[in-house]
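K.L.:
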Amino acid sequence: MTGSQAARTGLTPLLAVFLALVAALAALATPAHTATAPRTTVNPVIFVHGQEGSAQQWQSQAKRFSANGYRDDLLYVHEYDTSVATDDHAIAGLVELVGSVLARTGAQKVDILAHSRGTRVMHAYLSVPERAAEVAKYVNLDGRTAAAPPGGVPTLAIWSSLQPNGSIGGALNVHEPQAGHTESATSAESFGHIYAFLRGRPPLTTRVLPEAPGSVQIAGRAVHFPQNRGIAGRLEVWRLDPVTGARAGLLPLHVVRAGADGAFGPLGVSGRGHYELAFVRPGERTNHFYFEPFERSDRFVRLLVSPPGGVADSIDACTGHTALTVVRAREWRAGTSDDDRLRIAGSDVLNPAVSPQLRQILGLFAFDKGCDGVSRLDAALPPFDRVPFLTATDLSLPADAQARGAIPVTQTMRGAGGVSETITVANWPSDRHTVSLLFKDYVDIPSGG
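Residue numbering for the sequence shown is 1001 to 1449, as defined by my numbering.
Following this line, the structure appears as structure tokens:
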């Protein structure tokens, strides 16, 4: 600061010199930005999904980590093509990701969580001592058993109702007998165990705490699934009327281009708003995605699109009917004392034939089989009844060429005290549009901790 600057600001020359000296000392104390990232005192966390998985199984836990103070640059997911039976490609991709994360964060080690098939990937990954040396702690979520912690890395193993007697010798084994297979990776109960294991103390909260509505941002990828391969296209983010599901206004809130990796964002949204994300590609059906409000920023949004030859080719596409895909990263159950309920346009679509507990259903397709205008809800439709984690039901939902009708979809989650959540979507005709809904795998109950 020069003498003239000091005069203009009302500072005496002596005070100006003092402030300049303080600024210089602060600059010396602040690490310079160099090609090498500063070390972090908290290990980055990487999640490795399982068969038919993606970052969707990481969304809730990532937000819980964030609510407990983890920065965005400390949370990662490793996605790979689960249509390939072998794991070499998944292991190679994980080697690359770990190296990148260590370089980016300046950390010496990472913590890794793996679910289901991802535990098979991790046991192979940790069998190489050089790779195991870069992992501080490992969480094995309802997957591989072992006589000892893989690679000698300290291990927490969480087991669901699917593996009531699962164990890893020498590990901390936790059994959640009421949890489903995927629920063991996504639940608040599991998060409490995971956080305490990684940090040596309980979390401040196991809830997904809302952010200020104006601070919420979303980011993610559009991908062919289950390959997790990016798709290029135009993404439109529309505000919705929450009651009718109709678009609010003549123009979208955001229009962005997703490149070959399918990545988009971050994009600002209101934490109280309802939104449709429309993915548009020349010569393809428009893919419409609907969500519950984004109460907290989410960098792991996934727009899952079935590729040509994929399972969605078995959905009958009708000019006059809407087809829905309803997804939740917590198993839909029917036939138990505390059932989930899922009502589409007033019809209950879950029953022991469509969503039995043993099938661990995460995704339900509802469409008019044969385009005959008749609903038959008493049986799961083939071939979906043979695909892991998926089911389908014959439900006639009349469509409108301009999507001027509303289809309310309401879930009542088991164990949530009867709390219901509704997503209302427009009735797009299935010959030119796909409609997907993603329900959260948790319900925030105000009295929860």
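Ideal Cβ positions, reconstructed from N, Cα and C, are used throughout, including at glycine. Since we're looking at a predicted model, the values are computed, not measured.
Buried or exposed, going by whether 16 or more other CB atoms sit within 10 Å of the CB of Q1178?
P.N.:
Counting from 1 along the sequence shown, the entry for residue 1178 is found at position 178. Counting Cβ neighbours within 10 Å, Q1178 comes out exposed, since fewer than 16 surround it.
K.L.:
Relative to the C-alpha of H1274, which residue among L1253, S1420, G1417, A1260 is closest?
P.N.:
Working through the sequence shown from its first residue, we reach residue 1274 at position 274. Answer by Cα proximity: L1253.
K.L.:
By alpha-carbon positions, which one of S1347, A1401, L1438 ends up nearest to E1331?
P.N.:
As a working note, residue 1331 is residue 331 in the sequence shown. Per the Cα distances, L1438.
K.L.:
If you check the beta carbons only, do Q1061 and H1049 fall under 7 Å apart?
P.N.:
Residue numbering aside, residue 1061 sits at position 61 when the sequence shown is read from its first letter. Residue numbering aside, residue 1049 sits at position 49 when the sequence shown is read from its first letter. It is not a contact, given that the beta carbons lie outside the stated cut-off.
K.L.:
Please say whether F1294 and V1208 have beta carbons closer to each other than 7 Å?
P.N.:
In the sequence shown, the residue the question calls residue 1208 occupies position 208. In the sequence shown, the residue the question calls residue 1294 occupies position 294. Taking 7 Å as the Cβ cut-off, V1208 and F1294 do not qualify as a contacting pair.
K.L.:
Between which two residues does the alpha helix (DSSP H) harbouring I1194 extend?
P.N.:
In the sequence shown, residue 1194 corresponds to position 194, counting from 1. Unbroken alpha helix (DSSP H) run through I1194: 1188-1199.
K.L.:
Pull up the DSSP beta-bridge partners for F1367, would you.
P.N.:
In the sequence shown, counting from the first residue as 1, residue 1367 sits at position 367. Its beta-bridge partners are D1394.
K.L.:
Can you confirm whether the region 1161-1173 touches the region 1219-1236 when touching is taken to mean that 3 or more C-beta pairs between the two stretches lie within less than 8 Å?
P.N.:
Fewer than three pairs of CB atoms, one per stretch, sit closer than 8 Å, so the region 1219-1236 makes no contact with the region 1161-1173.
K.L.:
Taking just the CA atoms, how far does G1143 sit from G1099?
P.N.:
As a first step, residue 1099 is located in the sequence shown; it is residue number 99 there, counting from the start. As a first step, residue 1143 is located in the sequence shown; it is residue number 143 there, counting from the start. Straight-line Cα distance between these residues: approximately 25 Å.
K.L.:
From the DSSP output, read off the bridge partner residues of E1276.
P.N.:
In the sequence shown, the residue the question calls residue 1276 occupies position 276. In DSSP, E1276 forms a bridge with W1238, Y1290.
K.L.:
Helix, strand or coil for V1101 per DSSP?
P.N.:
The sequence position of residue 1101 within the sequence shown is 101, counting from 1. Residue state, collapsed to three classes: helix.
K.L.:
Quick test of the definition: if touching needs 3 or more C-beta pairs under 8 Å, does the region 1295-1306 touch the region 1345-1362?
P.N.:
no
K.L.:
Alpha carbon to alpha carbon, how far is A1188 from H1115?
P.N.:
By one-based count along the sequence shown, residue 1188 stands at place 188. By one-based count along the sequence shown, residue 1115 stands at place 115. Cα-Cα distance, rounded: 15 Å.
K.L.:
Can you give the Cα-Cα distance for A1032 and R1432, rounded to whole angstroms?
P.N.:
Here residue 1032 refers to the residue found at position 32 of the sequence shown. Here residue 1432 refers to the residue found at position 432 of the sequence shown. Unreliable positioning characterises A1032 in this predicted model, as indicated by a pLDDT of 37, which lies under 50. A coordinate reading is not provided.
K.L.:
What are the start and end residues of each continuous alpha helix (DSSP H) run of 4 or more residues lying completely inside the region 1203-1275, in chain order?
P.N.:
The qualifying runs do not exist here; there are none.
K.L.:
Going by beta carbon distance, what residues of the same chain come within less than 8 Å of V1022, once the five residues before and after it are set aside?
P.N.:
Position 22 of the sequence shown, counted from the start, is the residue given in the question as residue 1022. With a pLDDT of only 35 at V1022, under the threshold of 50, the placement of this residue in the model should not be trusted, and no figure is reported.
K.L.:
With DSSP collapsed to three states, give me the class of T1155.
P.N.:
Position 155 of the sequence shown holds residue 1155. Three-state DSSP puts T1155 in a strand.
K.L.:
Suppose only complete runs of 4+ residues qualify. What are the alpha helix (DSSP H) ranges in the region 1034-1117, listed by chain order?
P.N.:
As summarised for the region 1034-1117, the continuous alpha helix (DSSP H) elements at least 4 residues long and confined to that stretch are 1059-1067, 1088-1105, given in chain order.
K.L.:
Using DSSP bridges, identify the partner residues of L1172.
P.N.:
As a working note, residue 1172 is residue 172 in the sequence shown. Looking at the DSSP assignment, L1172 forms a beta bridge with L1156.
K.L.:
Which residue marks the beginning of the beta strand (DSSP E) containing A1329, and which one marks its end?
P.N.:
Along the sequence shown, read from residue 1 onward, the residue named residue 1329 stands at position 329. Per DSSP, A1329 belongs to the beta strand (DSSP E) from 1324-1332.
K.L.:
Pick out whichever of Q1163, A1312, T1424 has its Cα sitting closest to the Cα of T1244.
P.N.:
Here residue 1244 refers to the residue found at position 244 of the sequence shown. The shortest C-alpha separation from T1244 is found at T1424.
K.L.:
Where does D1142 fall in DSSP's three states?
P.N.:
Along the sequence shown, read from residue 1 onward, the residue named residue 1142 stands at position 142. Here D1142 sits in coil by DSSP.
K.L.:
Compute the Euclidean distance between the alpha carbons of K1440 and V1077, then round it to the nearest angstrom.
P.N.:
Within the sequence shown, residue 1440 is the residue found at index 440, counting from 1. Within the sequence shown, residue 1077 is the residue found at index 77, counting from 1. Cα to Cα, the separation comes out at about 18 Å.
K.L.:
Report the residue from R1117, A1399, P1149 whose alpha carbon sits nearest the alpha carbon of S1083.
P.N.:
To locate residue 1083, count along the sequence shown from 1; it is residue 83. S1083 has its Cα closest to that of R1117, out of R1117, A1399, P1149.
K.L.:
With H, G and I counted as helix, E and B as strand and the rest as coil, what does DSSP make of S1355?
P.N.:
The residue given as residue 1355 occupies position 355 in the sequence shown. Of the three classes helix, strand and coil, the one that applies to S1355 here is coil, per DSSP.
K.L.:
Under a three-way DSSP split, which group does F1389 fall into?
P.N.:
Here residue 1389 refers to the residue found at position 389 when the sequence shown is read from its first residue. Of the three classes helix, strand and coil, the one that applies to F1389 here is coil, per DSSP.
K.L.:
Leaving out five residues before and five after G1180 in sequence, what residues of the same chain have Cβ atoms less than 7 Å from its Cβ?
P.N.:
Locating residue 1180 in the sequence shown gives position 180, counting from the first residue. Within the same chain, G1180 has close Cβ partners S1160, S1161, R1330, E1331, Q1360.
K.L.:
Are the CB atoms of R1341 and T1412 nearer to each other than 7 Å?
P.N.:
To locate residue 1341, count along the sequence shown from 1; it is residue 341. To locate residue 1412, count along the sequence shown from 1; it is residue 412. Contact flag set, yes.
K.L.:
State the DSSP-derived secondary structure class of H1450, mapped to helix, strand or coil.
P.N.:
Any question about residue 1450 goes unanswered here, given that the chain covers just 1001 to 1449.
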